[in-house]
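Chemist: The opening position of the sequence shown corresponds to residue 1 in the UniProt record's numbering, with each subsequent residue numbered one higher.
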Amino acid sequence: MRLRGRKGIRESLEGQPELVVLDAAPHKGKWREFFGNDRPIYVELGMGKGRFISQMSARYPHINFIGVDMYDELIRRASEKARAIWEQKGEESPPNLALLRANIEGIENMFAPGEIERIHLNFSDPWPKSKHARRRLTHPRFVSKYIELLNERGEIHFKTDSQSLFEFSLNSFAEMELVMRDISLHLHKEGPREDLVFTEYEMKFMEKGQNIYRVEVVLGDEALRNHRAAKLEKSKKEDADAAADADDGDDD
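#1: Taking the straight line between their C-alpha atoms, what separation do you get for P140 and D69?
#2: T138 and F173 - do their beta-carbons sit closer together than 9 angstroms?
#3: With the cut-off set at 9 angstroms, would you say G48 and T199 are in Cβ contact?
#4: In the DSSP assignment, find the unbroken beta strand (DSSP E) run with F65 in it and report its ends.
#5: Going straight from the alpha carbon of K30 to that of A243, what length do you get?
#6: Short of 6 angstroms in beta carbon distance, which residues of its chain neighbour M56, apart from the five on each side in sequence? Order them along the chain.
#7: For A246, which three-state DSSP category applies?
#8: Which first and last residues belong to the beta strand (DSSP E) in which F158 is found?
#9: Among V143, L45, P113, which one has its Cα closest to the Cα of Y71?
#10: Taking the alpha-carbon positions, what's the R101 to L22 distance?
#11: Could you check if I85 is buried or exposed, using at least 16 other CB atoms within 10 Å of its CB as the buried criterion?
#12: Would you give the residue range spanned by the beta strand (DSSP E) that M97 belongs to?
#13: For D223, which option in I104, L97, I147 has the closest C-alpha, if you only look at C-alpha atoms?
#14: Would you identify the three-state DSSP class for M1, choosing helix, strand or coil?
#15: According to the Cβ coordinates, are F166 and V215 closer than 9 angstroms?
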């Protein structure tokens, strides 16, 4: 992917230290200091033009967000988008958002173990050729890194329009014996999921009626406990509802 950036783009990015981070190394293990609080940190790997991460930061102001991409031009576009969204809320700059220019290959150099709580992978490059499988962001070599960096509430939320990448990813998670939930083979079949934030790609795919696949991977110990408790509670409710229906049938 080659992007033609505007003249002076690097100078523009360097002039936004409150929003744009051009070197992650000094912040590794210190992202809470960057944000000035100890709120959870959610990271989007491969944020593109930044619609998703900007909207997420506005919708969930009690969470810190970091959007990662390796292209200056995408960082610039994301910064403009984020500022425009937050200006509507009366803020000159998003207080809970950082845009990080970095190559995801070195994610272990950006964050310390347990520093982040959620990773979003949205419409990642499917790398369709088998010889490029190791480049897929859901390949076990990447997922192993994510596991190290996520905390006790850690999760991965993954969306794609590629059936082959989704199948590869499910197999990857299963081979690593990871717990998956809310697996969707057609996310917006019943209409747009307004509880979720859409990316630029996602909006285009929805307009065309294309399938979007999604899964959540539960990793952290606390996240797993909460997941199991929720499943148990759901099972008990289903049993109670079934018993109530049976009683109603007997009365009839």
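Using N, Cα and C, we set each Cβ at its ideal position, and we do this for glycine too.
Please read these numbers as outputs of a predicted model, since none were measured by experiment.
Modeler: For this structure:
#1: 21 angstroms
#2: yes
#3: yes
#4: 64-69
#5: 53 angstroms
#6: F65, V197
#7: helix
#8: 150-160
#9: L45
#10: 5 angstroms
#11: buried
#12: Reading the sequence as shown, one finds Leu at residue 97 and not Met. It spans 97-101 - the beta strand (DSSP E) in which L97 sits, taken as one unbroken run.
#13: Contrary to the premise, residue 223 reads as Ala rather than Asp in this sequence. Nearest C-alpha to A223: I147.
#14: Confidence at M1 is low in this model, with a pLDDT of 47, below 50, so its placement is unreliable and the value that follows should be read with caution. Coil.
#15: yes
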